[in-house]
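Novice:
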Amino acid sequence: MPKVREIILTGLRFHGILKISQILAQAAVNERMDVKTAEFTNEPIMSIEMCHIRFGDKVYSPLISKGNCEVFICLEPVSAIEVAADYLSMDGLMIINTSSTLSPATSLEPVLSLFDQLGRTIKLDALELARKAGNVYLANFVMLGALLGSKDPPLKIENITRAIKNIKPPDEIQACLKAIDFGMQSVIKQSNS
Amino acid sequence: MIELDSQLISKSNTGNQVAVSGNAALARGLIESSVKVVTSYPGTPCAEVLENLIPFGKQYGIYIEWSVNEKVAFEVAASAAMAGIRSAFITKHAGMNWASDSLMAMSYAGVKSGMVIISADDPGALNSPIEQDTRFYARMAEILGLDPASAQEAKDMVVSAFEISEKLELPVFIRPSNRILYGRSSLSLGKIQQSKNKAEFYKDPSRWIIAGKNAVCRHQWLHRQQQQLRMIVEQGPFNKLEMKGDEKYGIITTGICYYYVKDALQSLDIENKIAILKLGYFNPLPEDMIRQILQVVEEVVVVEELEPFIEEGVKKVASELKKGIKIFGKLNGYFPETGFYETEMIEETIKKRWNFPSKKSLSRDTIKRELKDLKLAPYQQITFCPGCPHRAALLVLKRAIAKIKGDFIITTDIGCYIIGVFPPLSLLDTVFCMGASIGVACGFYQAGLKQNLIATIGDSTFLHAGIPALINCCYTGVDILVYILDNRTVAMTGLQPHPGLGLTAQAEKTKVIDIENIVKSCGVDYVRVIDQFNLKEAEDVLTDVLKMKGQRVVIARHTCAQVINKSIEQNKQQTRAYKVNPEKCKYCRRCIESLGCPAMYVKDNKVAINEFLCGNCGLCVQVCTQGAIIYSAREKNA
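First to last, the sequence lines map onto chains A and B.
Each number in our numbering corresponds to the 1-based position in the first sequence with 63 added.
Each number in our numbering corresponds to the 1-based position in the second sequence with 122 added.
#1: Who are the neighbours of asparagine 229 of chain A on chain B, taking C-beta pairs under 8 Å?
#2: What is the DSSP secondary structure of glycine 645 of chain B, reduced to helix, strand or coil?
#3: With a CB to CB cut of under 7 Å and the five nearest residues on each side skipped, what residues in its chain are close to serine 317 of chain B?
#4: Using 8 Å for Cβ pairs, my map puts isoleucine 472 of chain B next to leucine 390 of chain B. What's the rounded Cβ distance?
#5: Alpha carbon to alpha carbon, how far is alanine 499 of chain B from tryptophan 330 of chain B?
#6: Contact criterion: CB-CB distance below 8 Å. Does aspartate 244 of chain A meet it with respect to chain B?
#7: Could you give the uninterrupted runs of the beta strand (DSSP E) lying entirely in the segment 577 to 623 of chain B, keeping only those of 3 residues or more?
#8: With burial defined as no fewer than 16 other Cβ atoms inside 10 Å of the residue's Cβ, what is the status of isoleucine 526 of chain B: buried or exposed?
#9: Would threonine 611 of chain B be called buried (16 or more neighbouring beta carbons within 10 Å of its own) or exposed?
#10: Go to threonine 471 of chain B, then tell me how far its alpha helix (DSSP H) extends in each direction, as first and last residue.
#11: Give the residues of chain B in contact with glutamate 102 of chain A, contact being defined as C-beta atoms less than 7 Å apart.
#12: When the cut-off is 8 Å and only beta carbons count, does threonine 224 of chain A lie next to chain B?
#13: Since asparagine 574 of chain B sits in a beta bridge, which residues does DSSP pair it with?
#14: On a Cα-Cα basis, can you pick out the residue from B:Glu170, B:Pro430, B:Thr465 that is closest to glycine 451 of chain B?
#15: Among B:Gln139, B:Arg261, B:Pro177, which has the Cα closest to the Cα of isoleucine 153 of chain B?
#16: Check whether chain B comes within 8 Å of leucine 218 of chain A, counting only Cβ atoms and requiring the distance to be less than that.
#17: According to the neighbour-count rule (16 or more other Cβ atoms, all chains shown, within 10 Å of its Cβ), is glycine 528 of chain B buried or exposed?
#18: Candidates B:Gly537, B:Ser559, B:Lys234, B:Val634: which alpha carbon is nearest lysine 320 of chain B's?
#19: To which residues of the same chain is alanine 337 of chain B closer than 7 Å at the C-beta, ignoring the five residues directly before and after it?
#20: Nearest CA to the CA of isoleucine 314 of chain B: which residue from B:Ser754, B:Gln181, B:Val194, B:Asn300?
#21: From valine 425 of chain B to glycine 588 of chain B, what distance separates their C-alpha atoms?
#22: Which word fits lysine 384 of chain B, buried or exposed, when buried means at least 16 other C-beta atoms lie within 10 angstroms of its C-beta?
#23: What separation, rounded to the nearest whole angstrom, lies between the Cα atoms of glutamine 85 of chain A and lysine 241 of chain A?
#24: Within 8 Å, do at least three Cβ pairs link the segment 366 to 374 of chain B to the segment 246 to 264 of chain B?
#25: Any idea if threonine 460 of chain B is buried or exposed, counting beta-carbon neighbours within 10 angstroms, 16 or more meaning buried?
#26: Taking buried to mean at least 16 other C-beta atoms within 10 Å of its own C-beta, is asparagine 76 of chain B buried or exposed?
#27: Is it the case that the CB of aspartate 278 of chain B approaches a heavy atom of the ligand MN more closely than 7 Å?
#28: Helix, strand or coil for asparagine 405 of chain B, going by three-state DSSP, please let me know.
#29: Would you call the segment 663 to 676 of chain B in contact with the segment 516 to 525 of chain B, where contact means no fewer than 3 C-beta pairs closer than 8 Å?
#30: Output, in sequence order along the chain, the residues in the segment 131 to 154 of chain B whose CB is closer than 7 Å to any CB in chain D.
#31: Per the DSSP calculation, tryptophan 330 of chain B is bridged to which residue(s)?
#32: Bridge partners for threonine 552 of chain B per DSSP, in chain order?
#33: Three-state secondary structure (DSSP) at arginine 340 of chain B?
#34: With a threshold of 7 Å on Cβ separation, who are the neighbours of cysteine 379 of chain B within its own chain once the five nearest residues in sequence on each side are excluded?
#35: CA-CA distance, lysine 214 of chain B and glycine 165 of chain B?
#36: Does DSSP put glycine 542 of chain B in a helix, in a strand, or in coil?
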């Protein structure tokens, strides 16, 4: 059976996860792969968005079956844990932003320790890294960087960069790439320590 | 999201591979087919077809219109095609109900140039008040119906549909579903055709006067066309029969479900053991194709979302074969009759029905139990955006009602304001469909209910469907307050313009259709425009109006927070946010409990405001009795 890569992204609307799904999809096409994504979104209403991304030699359905997700990326941990419990495969990886927007004050510890029970995790403060890259709204690109910095990254960085050049005006590209780099470095640092 | 898709579909060359949404793929199909008139009323999940087309309308000479409602939109598109110009009408399923009146008459007359109807269905009602199956409209109107399984097929079907439509002089109906429209996939681009069609109207009363004897004659013509339609659905490129000829079991499926079936069979490792018939056409049903698979297999599972449209057809064909074939689907409880489908569901049914070995089960029950104990539920609640004018409008209404201690029924309409049904406002009593708020209130009044009646309706919804109902109120003397929540946009579907704004779909200036003047000419007794963010004044006005009799209209006018955010983003403006002074906050929670604003949270027994989320509306300042909320600078916006 040819391998299909299966990634889920979740976040709140303003985290801009659909932009990342768009970049991943275009990068997959740039690598001459078949790709399908499913976007669960509720346009302008404040709500949790989710995106399934599947790419490989041949992709049938855009939906990832429960228990099959290989990498689960979440920008808002509190809202994502239940979805992760449903979809993550037994040997799956979770990349978690530790700065919650929905509950910045309540302790995240119990939620984060549950993530650890679900499987392998990479944790990073994406909002803080985004701020360092110049803009809190780049947290989505930090998470994309974390994916690329993880073991066995699914796509080549040059194809991701090519896709970003399609989507962002030239004056914003540098900041996006910087955010990606911060995400990557943070993950590499974690795996070395 | 739309920006990139639009560029990819408009600039890329023939044969290029791009990854775009199903909506963008449909838009590309329209460009490739050299369509010249495209109309719609904004509705999810297909509003983005026009959004993707609009930036390039001028380049390709396409006239694009957000019409006042779907009936008008259909008529504009259909008559353009009668005059020899290729056209498309795009609608969500519920909008098809509006257009159906015109569709039934105009399918008798037919078209001169190609016309495509794209009617998006929404299994699971993910983006709609209801989930209905619009395939029945193609059957009622006796026109060709296609159901795409992917974005690629959706685009290819549009191109094919125009050719068929032009050849048979009949509109063609394409029914994509939400899962294709909201999701991206690789798309191979085709050639952009050049249209040589010229606008010309041939006067011919026997064709264009659909009434009396003419109607019957044209209905006969429509029936004669069916013969050709039946040939097209059997031979067309969108059906796919995957069968070796010795299979015991078969699956008949359509649309996106085809790919769920493929994944399910792959997961069970039985890909070569089951015959599959994937239907691309649903009206008329390709009965010969169905007969082919039924002649081979002993048992067949039918997989389709929404109504058992194909399943019933398969049953009919099977009964003619007299072979005792067993059919499993919705009708005998093997699949749910409602909601959207997933791969797992199909895998489960196949496994159970045909006894294929089961994969090891994956369960994380203990963790799921712990999650329940954590009580994360409140975060899933749907609330108004920070800065939303509907929050303010419904808050002042709630306060005015509390003040006069009256008993009210509040009917509402289709728009973001239905969120007012949830806490903390918990204000609304009925929601059905476009314009129903006022009509339903009329019925409640005539039934003799003792409660006072309030109908809340949005600006675009009022123009779409509220006007006749308001006239009815005045004509029949209903005591009612019609509360028009005018947020200067069609918000729920992605901020489209409407006739009240003086802007066309293609962002050109046009006449402003003034809601206040319309309301006056409907014959109401009282009309007043308020700004709901001035809480005190708005509350006083509503308190007075609620005590009156007759037909009263209050227009709460304030621009949608998303529109404001968008313009701030575009102009790269510096914005400010509100902040709580913890020394002054007495933690009475009045702000949190009355507003339910997602930007507010609790920190160390004090209220705090998330500057990332704050909508800058200042409602909390007016609600706070301690003067604890102040203005502050915030970080640069992206």
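C-beta atoms are modelled at their ideal positions from N, C-alpha and C, and glycine is treated no differently.
Specialist: According to the structure data:
#1: Leu126, Gln129, Leu130
#2: coil
#3: Ser156, Lys158, Arg208
#4: Distance from isoleucine 472 of chain B to leucine 390 of chain B at the Cβ level is roughly 7 Å; contact confirmed, criterion being Cβ atoms closer than 8 Å.
#5: Note that alanine 499 of chain B scores a pLDDT of 45, beneath 50, so its modelled location is shaky; the value from the coordinates is reported in the next line. Distance between the alpha carbons of alanine 499 of chain B and tryptophan 330 of chain B: 58 Å.
#6: no
#7: 602 to 608
#8: exposed
#9: buried
#10: 465 to 476
#11: Tyr304, Gly305
#12: no
#13: B:Phe530
#14: Answer by Cα proximity: B:Pro430.
#15: B:Pro177
#16: no
#17: exposed
#18: When only C-alpha atoms are compared, the closest one is B:Lys234.
#19: Tyr230
#20: B:Gln181
#21: In a straight line, the C-alpha of valine 425 of chain B is about 39 Å away from that of glycine 588 of chain B.
#22: buried
#23: Rounded to whole angstroms, the separation of the alpha carbons of lysine 241 of chain A and glutamine 85 of chain A is 19 Å.
#24: Short answer: they don't touch.
#25: exposed
#26: Here chain B has residues from 123 to 760 only, and residue 76 of chain B is not among them.
#27: Among the components of this structure there are no ligands whatsoever, and the ligand MN is therefore not found.
#28: Reduced to three states, the DSSP call for asparagine 405 of chain B is strand.
#29: yes
#30: As a matter of chain content, chain D is missing from the structure shown, whose protein chains are A and B.
#31: Tryptophan 330 of chain B pairs with nothing; no bridge assigned.
#32: B:Thr533.
#33: In the structure shown, arginine 340 of chain B sits in a helix (DSSP, three-state: H, G or I).
#34: Closer than 7 Å at Cβ, skipping near neighbours: Val425, Glu426, Glu427, Tyr463.
#35: It is roughly 6 Å from the alpha-carbon of lysine 214 of chain B to the alpha-carbon of glycine 165 of chain B.
#36: In this structure, DSSP gives glycine 542 of chain B a helical state, which the three-state scheme calls helix.
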